[in-house]
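Working notes, structure below.
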Amino acid sequence: MTLDPPSTVSTTSRRGTATAATRAVGVLTIVMIGWLGVFGLLLSPADRDQGDAVRIMYVHVPSVWLAYLAFIVTALASAVHLFGKSHSMQADRVAGASAEIGVVFMAVTLVTGMLWGRITWGVYWQWDARLTTTALLFISYIGYLAVRGLEGSRSQRARRSAIVGLLAVLEVPLVHWSVKLWRSLHQEATVLGTDLDVSLDGLMLFSLFVGVVAFTLLFLWLLLHRSRVLTMIDLSAETGLDAALAQRRAEGGVTA
Amino acid sequence: MSTPDLTPRPEQSPKRQRRRIMPAVVLALVVVAGGVVITQALSTAVDYYCNVDEVGERSGCDTGRRLRIQGTVGEGTVVAATGATLFDIRFNGASMKVEYAGEPGGIFKECLPVVVHGVFDESSGMFLGDRVEVKHSEDYVAVNDDRLEEAEADSAACDSSA
């Protein structure tokens, strides 16, 4: 006896998770990442003190921007699930997908930051305010993903993780302002500082801008696909249960 | 009507059981990792982070304890001795002589702000550093910028507080 998924899932499986819109976003993302490579590696100048190590910034800063954005989207989607009348499961899936992407890019932020730190500071790591709060943020969202995987019904898991998602996002401003609140080895914000004064060479700033746009598009593209994958997983689990029940009924000779 | 199959269903496979307990294991590891991060950060924070002009002046920046001192490496003060590097660090008009056991890493050079970890030696009046970290400012200047601008920036970096 086979447990064929219903036509909705098989149809979706054949189509994959792409639509014309996501393909357009994907192509645009690839183009922008290509431009980032050209500007970041070839056109932008080396820094007077850091030399070519400054090029790490074109991945490091967009990565942390993407991670912050992802965690904020997780919090907003969690709020929609928790406080919305329908307790939307789609919002829960968006929250989960966004957190997964955020964790990956927070890891990229930490790794690129450590490489830059070794070249510039002379050490990979220092337990200062910015680095410590960033590590805690990373660990918190790994915890969030673990909470999503705990035992319970779909709605129980969604409710639990929504609460964690809303609490964990409070760390984001703490990480961003940590260099202002405490003395830190990490430099203060070059672009999003309180005085709005940008202390960055023109071409470096443009390369950084290209990086931020490229990574924002990448986030959108990944979020759309991952949310759809999570929808298909949920659909598959639901239809799998229906099929199992039908199988049991058939074995017992009971008609539905 | 056929007889229903009442034989118990097989136990969950080990793989499925592992998948069930894995999130709880990860969550436990997250709690442990969070504790380690906080403990490490707090144990480092025990060493007060002082600017050169605060040493001996500000509460916590006493010379009898281990400190982290921030200042800008003085122009023309870096001397490589046998197994050590000597230099001055300056902040807000105050200056301090540093002896670092080794060769500082990173982009260490004159006129850049640094953070030196170590203890103050009352007899020699020097700060004996065992770790030097170069603190890069939030300013990014292209290497091929106008020489005049560069010279002015260098001069400003030496004069300013870290």
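Here the protein sequences line up with chains Z and C, keeping their order.
Okay, so the first sequence: first residue is 38 according to our numbering, each after it adds one.
Okay, so the second sequence: first residue is 6 according to our numbering, each after it adds one.
Positions of the beta carbon are idealized from the N, C-alpha and C atoms, including for glycine.
Just so you know, these numbers come straight off a predicted model, no measurement behind them.
Residue environment, residue i, which counts as buried when at least 16 other CB atoms sit within 10 Å
i      : result
Z:L40  : Since pLDDT at Z:L40 reaches only 34, below the 50 mark, its modelled position is unreliable, and the value read off the structure follows with that caveat. Looking at its Cβ environment, which holds fewer than 16 other Cβ atoms inside 10 Å, Z:L40 is exposed.
C:M27  : exposed
Z:R85  : buried
Z:S20  : For chain Z, the structure presents residues 38 to 293; residue 20 of chain Z sits outside this window and is missing.
Z:Q284 : exposed
C:S97  : Here residue 97 of chain C is Asn; the residue named in the question, Ser, does not match the sequence. Exposed, because fewer than 16 other Cβ atoms sit within 10 Å of the Cβ of C:N97.
Z:S215 : buried
Z:I200 : exposed
Z:A251 : buried
Z:S81  : buried
Z:D238 : buried
C:A167 : The predicted model places C:A167 with a pLDDT of 48, which falls under 50 and marks its position as unreliable; any figure quoted below should be read in that light. The residue in question, C:A167, is buried, as its Cβ has 16 or more Cβ neighbours within 10 Å.
Z:S264 : buried
C:K20  : exposed
Under the three-state DSSP convention, the category residue i falls into
i      : result
Z:F256 : helix
C:Q22  : helix
C:V120 : strand
Z:G88  : strand
C:L133 : strand
Z:T146 : helix
Z:G159 : coil
C:K102 : strand
C:D126 : strand
Z:I109 : helix
Z:F175 : helix
Z:I70  : helix
Z:I200 : helix
Z:F76  : helix
C:R63  : coil
Z:Q284 : helix
C:E80  : coil
Z:L240 : helix
Beta-carbon neighbours of residue i, restricted to chain C and to distances below 8 Å
i      : result
Z:I176 : V35, A38, G39 and V42
Z:Q224 : K140, H141, S142 and E143
Z:M241 : Y145 and A147
Z:L147 : Per Cβ cutoff of 8 Å: no residues; Z:L147 is ~12 Å from chain C at best.
Z:D238 : Y145, V146, A147 and D150
Z:V160 : G110, G111, R136 and E138
Proximity winner among the options, relative to residue i (alpha-carbon distances)
i      : options                          : result
Z:H124 : Z:G53, Z:A280 and Z:Q193         : Z:Q193
Z:A114 : Z:S215, Z:F256 and Z:A134        : Z:A134
Z:F243 : Z:V148, Z:A58, Z:L79 and Z:A136  : Z:L79
Z:W6   : C:G81, C:A46, C:T87 and C:D126   : A question about residue 6 of chain Z goes unanswered here, because the residues of chain Z that appear run from 38 up to 293.
Z:V96  : Z:G53, Z:L174, Z:G121 and Z:T253 : Z:T253
C:A89  : C:Y54, C:S48, C:D135 and C:A29   : C:D135
Z:L257 : Z:V75, Z:V110 and Z:R92          : Z:V110
C:H122 : Z:W164, Z:V75 and Z:G289         : Z:W164
C:E138 : C:A85, C:L34 and C:G107          : C:G107
Z:L103 : Z:V141, Z:I93, Z:D129 and Z:F120 : Z:V141
C:V42  : Z:F76, Z:T149, Z:F175 and Z:A144 : Z:F175
C:A85  : C:D58, C:Y105 and C:T77          : C:Y105
Interface partners of residue i on chain Z, CB under 9 Å
i     : result
C:V31 : I179, G180, L182, A183 and G186
C:T49 : Q163, W164, D165 and T169
Partner residues on chain Z for residue i, Cβ-Cβ distance less than 7 Å
i     : result
C:P28 : A183, G186 and L187
C:R25 : E188
C:A46 : W164 and T169
Within chain C, partners of residue i - CB distance below 7 Å
i      : result
Z:T157 : G111, I112, V139 and H141
Z:A172 : V42
Residue i beta carbon near the ligand ZN (any heavy atom closer than 8 Å)
i      : result
Z:A144 : Inclusion of the ligand ZN in the displayed structure is not the case, the ligand content being empty and no account of it being possible.
Contact list for residue i against chain D, beta-carbon separation under 7 Å
i     : result
Z:V75 : This model lacks chain D altogether, as its protein chains are Z and C.
Members of the segment 106-119 of chain C that neighbour chain Z once the beta carbon cut-off is set at 7 Å:
Result list: P109, G110, G111, I112, F113 and L117.
Listed from N- to C-terminal order along the chain, which residues in the segment 78-108 of chain Z have their beta-carbon within a distance smaller than 9 Å of any beta-carbon of chain C?
Those would be S81, P82, A83, D84, R85, D86, Q87, G88, A90, V91 and M94, in chain order.
If contact means a Cβ-Cβ distance below 8 Å, which residues of the segment 248-279 of chain Z contact chain C?
Listed in chain order, the positions of the segment 248-279 of chain Z with a beta carbon within less than 8 Å of a beta carbon of chain C would be empty, since no residue qualifies.
Using a Cβ cut-off of 7 Å, which residues of the segment 189-222 of chain Z contact any Cβ in chain C, in chain order?
Listed by position along the chain: R220 and L222.
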